[in-house]
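Position 27 (the sequence shown) corresponds to 50 in the working numbering; numbering is contiguous.
Quick reminder that beta carbons are idealized off the backbone N, C-alpha and C, glycines included.
Nothing here was measured: the structure is a model prediction, and the numbers come from that model.
Beneath this line is the structure, given in structure tokens, with notes to follow.
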Amino acid sequence: MKQKTDLLKKEDKRNLNRAREYALRLLEYRERSEQEIKERMARKNYNERLIKSTIKSLKNHNLVNDRRFARMWAESCLRRSYGRWKVQSDLNKKGIDEEIVEEVLRESYSKVDEVQIALALIQKKWPFLKEEKNTLLRRVSDFLKRRGFPFEVIAEVIRQQYG
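Structure representation (structure tokens):
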């Protein structure tokens, strides 16, 4: 009986090591949220106990930190000229706590003028459009919505650009 128990313990340790190695491989590519790692591990059929143990270990070594992930994601989206709604939507999908999302959005988007970002996008994408005004306004509005800009920003961009 003792031999069987020892074999089970060895198997558990092997599984735990495999789970940790898998999680570390995921983190080699880019920072990830806790929820992302849980979902990916579940897809690989790791059991709940192994997933929890792995996440706990990663947190103890500060390899998984949702606040740090959210900041990095927001900064990346900001560099690529996305609006706050896109960032908020992405972070919610990635399982980041709403309080952290609000804090990160406040930090990241308080430093920038979303109207200027949106104007630069429009001027780059459509430097000289020769379309009927209503079609143009609809296209610009739809484009900025897809980029995650709030209605107030879109309205201000349209007012400033097309007036």
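Q. Near Glu125, what residues of its chain come up, given a Cβ to Cβ distance below 8 Å and the 5 sequence neighbours on each side ignored?
A. none
Q: Please report how far the alpha carbon of Lys82 lies from the alpha carbon of Ala46, in whole angstroms.
A: 12 Å
Q | Ser164 beta carbon less than 8 Å from that of Ile177 | A | yes
Q) Below 8 Å between beta carbons: does that hold for Ser131 and Glu98? A) yes
Q.
Quick check on DSSP: helix, strand or coil for Phe166?
A. helix
Q | Expected contact under 8 Å - CB spacing of Leu202 and Arg102 to nearest Å | A | Coverage of the chain is limited to positions 24 through 186, which leaves residue 202 absent and any answer about it impossible.
Q) On the three-state DSSP scale, how would you describe Trp187? A) In the structure displayed, the chain extends from 24 to 186; residue 187 sits before or after that span and is not available.
Q) What did DSSP end up calling Leu86 once you bin it into helix, strand or coil? A) coil
(Q) Ignoring anything shorter than 4 residues, give me the alpha helix (DSSP H) runs that lie fully in the stretch 41-129, in order along the chain. (A) 57-66, 71-83, 89-102, 107-116
Q. Where Glu121 and Glu59 are concerned, what is the direct C-alpha to C-alpha distance, given to the nearest angstrom?
A. 16 Å
**Q.** Nearest to Phe92 (by Cα), restricted to the options Ile74, Lys75, Gln111, Ser80
**A.** Gln111
**Q.** Inter-residue spacing [alpha-carbon to alpha-carbon] between Asn70 and Gly118
**A.** 19 Å
Q. Can the beta-carbon of Glu109 be found less than 8 Å from the beta-carbon of Arg170?
A. In the sequence under discussion, the amino acid at residue 109 is Lys, which differs from the Glu named in the question. Cβ atoms of Lys109 and Arg170: closer than 8 Å.
Q) Are the Cβ atoms of Leu167 and Tyr185 separated by less than 8 Å? A) no
Q: Tell whether a beta-carbon distance below 8 Å holds between Leu86 and Leu39.
A: no
Q) For Arg43, which residues from the same chain have a beta carbon less than 7 Å from its beta carbon, with the 5 sequence-adjacent residues on both sides left out? A) Thr77, Ser80
Q.
Please return the same chain residues whose Cβ sits closer than 7 Å to the Cβ of Ala65, not counting the five positions on each side in sequence.
A. Ile74
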